[in-house]
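Here is the structure we will look at, set down as structure tokens.
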Amino acid sequence: EVQLVESGEGLVQPGSSMKLSCVASGFTFSNYGMNWIRQAPKKGLEWIALIYYDSSSKYYADSVKGRFTISRDNSKNTLYLEMNSLRSEDTAMYYCAKSGSGDFDYWGQGVMVTVSS
Amino acid sequence: DVVMTQTPPSLSVAIGQSVSISCKSSQSLVYSDGKTYLHWLLQSPGRSPKRLIYQVSNLGSGVPDRFSGTGSQKDFTLKISRVEAEDLGVYYCAQTTHFPPFTFGSGTKLEIK
């Protein structure tokens, strides 16, 4: 059974940093691209980052480019999202999602990031 | 960026009825490999999104065949036949043909009468 378990939830002040993790199990993690997708309170879904299976390519939404960094450690079956210069508009539920047949076939339960003074 | 326009924003249906949700993209979603990367997801209340249909019409694992997807180019439809109580939630379309970024529709909230 595929499982994606995020961690790193918390409340931080504007301008600070935070790192999220997503531990994968139930599939060969090193064979698949992985994504971070967020959802602001009462809002829709926003894709924010993709990393290829071998970390050879990374893509970001304009809203986080230059501030967020996606990375992975295939030896630990873990995906990361390092978030710097956090803003109030980054407040959201953050999901990791596995790339499937061009889509997002499995999602984690999500972690809440709140940016507030 | 590709804009995904979903309609209606919400709908209320009785158990056993059928419903359709429309998703239109601002550009053709046919990729250079000939495939169309338009997908549908369901977010049940308080839950994370779940895959329903990928590449227009392929059912995700375990998804009942009451769900079906059709469409091409820029115009797509999700149909739910014989709605059941467990179908309530917010339905999203998503495109992964053109990136970055991947983009989602704004969602359609399905309520049960």
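Heads up: the protein sequence lines correspond to chains A and B, in order. This note's numbering applies: residue 210 is where the first sequence begins, and numbers increase by one. This note's numbering applies: residue 3 is where the second sequence begins, and numbers increase by one. Note that CB positions come from ideal geometry on N, CA and C, so glycine has one too.
Counting along the chain, B/His100 sits inside no beta strand (DSSP E), nor does DSSP assign it H or E at all.
The continuous beta strand (DSSP E) containing B/Leu54 extends over residues 52 to 56. As the crow flies, the alpha-carbon of B/Leu43 is around 32 Å from that of A/Pro223. When only Cα atoms are considered, B/Val21 and A/Ser266 end up about 40 Å apart.
Interface annotation for the stretch 77 to 109 of chain B against chain A: Val92, Tyr94, Ala96, Thr98, Thr99, Phe101, Pro102, Pro103, Phe104, Thr105, Phe106, Gly107, Ser108, Gly109, criterion Cβ-Cβ distance under 9 Å. Within a 10 Å sphere around the beta-carbon of A/Val211 sit fewer than 16 other beta-carbons, which makes this residue exposed. By the neighbour-count criterion, in which a residue is buried when 16 or more other Cβ atoms sit within 10 angstroms of its Cβ, B/Pro103 is buried.
Rounded to whole angstroms, the separation of the alpha carbons of B/Asp89 and B/Gln19 is 12 Å. Of the residues assessed, A/Ile260 falls on the buried side of the cut-off, its CB having 16 or more other CB atoms within 10 angstroms. Neighbourhood of B/Pro51 in chain A, by CB distance below 7 Å: Leu254, Trp316, in chain order. With distances taken between CA atoms, A/Thr278 lies nearest to A/Tyr268 out of A/Tyr268, A/Lys285, A/Gly319.
For B/Lys115, no beta strand (DSSP E) segment is defined, and its DSSP state is neither H nor E. When A/Ser272, A/Leu254, A/Glu298, A/Gly311 are compared, the shortest CA-CA separation from A/Tyr304 is found for A/Leu254. Not one beta carbon of chain A lies nearer than 8 Å to the beta carbon of B/Gln29.
Between B/Tyr56 and B/Thr99, the C-beta gap is not smaller than 8 Å, which leaves the two residues out of contact.
Residue nearest to B/Val58 within the set A/Ser216, A/Tyr289, A/Gly311 is A/Gly311 (criterion: CA-CA distance). Here B/Ser70 is bridged, per DSSP, to B/Lys81. Non-local beta-carbon contacts of B/Val15 in its own chain, meaning distances under 8 Å to residues more than five positions away in sequence, involve Val21, Val85, Leu112, Glu113, Ile114, Lys115 in chain order.
Any Cβ of chain A closer than 8 Å to the Cβ of B/Gln75 would place that residue at the interface, and such an atom is absent. Going by DSSP, B/Ser14 is part of the beta strand (DSSP E) stretching over 12 to 15. Here the alpha carbon of A/Lys285 sits roughly 13 Å from the alpha carbon of A/Asp263. With fewer than 16 other Cβ atoms inside 10 Å of its own Cβ, A/Arg296 counts as exposed. Per DSSP, reduced to three states, the secondary structure at A/Ala249 is coil, with no helix or strand assignment. For B/Gly62, the C-beta contacts it makes with chain A under 8 Å involve Asp314, in order along the chain.
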